[in-house]
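Enquirer: Handing you this structure, nothing more for now.
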């Protein structure tokens, strides 16, 4: 699954209907100094390429618009503690256009 021998990972267990998250990184490129996670996110802080301090986030947002708003509120509060530049990826469950919905009859912006 992982093509390099030098790796480590952080994980958040599945709970309350939310799937778990796992972030894997190459330890010869990223020296992780800390990580923190919540029910639907995992952030790792470290030094990339021996010179660039950064925060990498993995997010799995809920389908429900209200729950998604609460997730982003919680993530925004982390900004005070995680002061390095961020790179954020994952499944945001957001639509740019309602036409992106396939096989669904709902008409709101949530998946």
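In the numbering used here, the protein residues as written are 57 to 167. C-beta atoms are modelled at their ideal positions from N, C-alpha and C, and glycine is treated no differently.
Under 8 Å, do residue 64 and residue 83 count as touching if we go by C-beta distance?
Expert: Going by C-beta atoms, residue 64 is nearer than 8 Å to residue 83.
Enquirer: Can you list, in chain order, the residues of its chain whose CB lies under 8 Å from that of residue 40, leaving out five sequence neighbours each side?
Expert: Residue 40 lies beyond the range of the chain shown here (57 to 167); nothing can be said about it.
Enquirer: If I'm right that residue 149 touches residue 94 with Cβ under 8 Å, what's the distance once you round it to whole angstroms?
Expert: So it is not a contact: roughly 16 Å between Cβ atoms.
Enquirer: Identify the continuous beta strand (DSSP E) that holds residue 38 and give its terminal residues.
Expert: Any question about residue 38 goes unanswered here, given that the chain covers just 57 to 167.
Enquirer: Where residue 97 and residue 104 are concerned, what is the direct C-alpha to C-alpha distance, given to the nearest angstrom?
Expert: When rounded, the distance between both Cα atoms is 20 Å.
Enquirer: Assuming residue 147 is part of the beta strand (DSSP E), what are its boundary residues?
Expert: From DSSP, the beta strand (DSSP E) with residue 147 extends over 142-147.
Enquirer: Please report how far the alpha carbon of residue 99 lies from the alpha carbon of residue 61, in whole angstroms.
Expert: Taking the straight line joining both Cα atoms gives about 22 Å.
Enquirer: Taking the alpha carbon of residue 107 as the reference point, which residue from 85, 113, 142 and 144 has its own alpha carbon closest?
Expert: Ranking 85, 113, 142 and 144 by Cα distance to residue 107 puts 85 first.
Enquirer: If you drop the 5 nearest sequence neighbours on each side, which residues of the same chain put their C-beta closer than 7 Å to that of residue 78?
Expert: So the list reads 65 and 67, once near-sequence residues are dropped.
Enquirer: Below 8 Å on the Cβ atoms is my contact criterion, and I expect residue 127 with residue 117 to pass it. Report the Cβ-Cβ distance as a whole number of Å.
Expert: That belief holds up - the Cβ atoms of residue 127 and residue 117 are roughly 6 Å apart, short of 8 Å.
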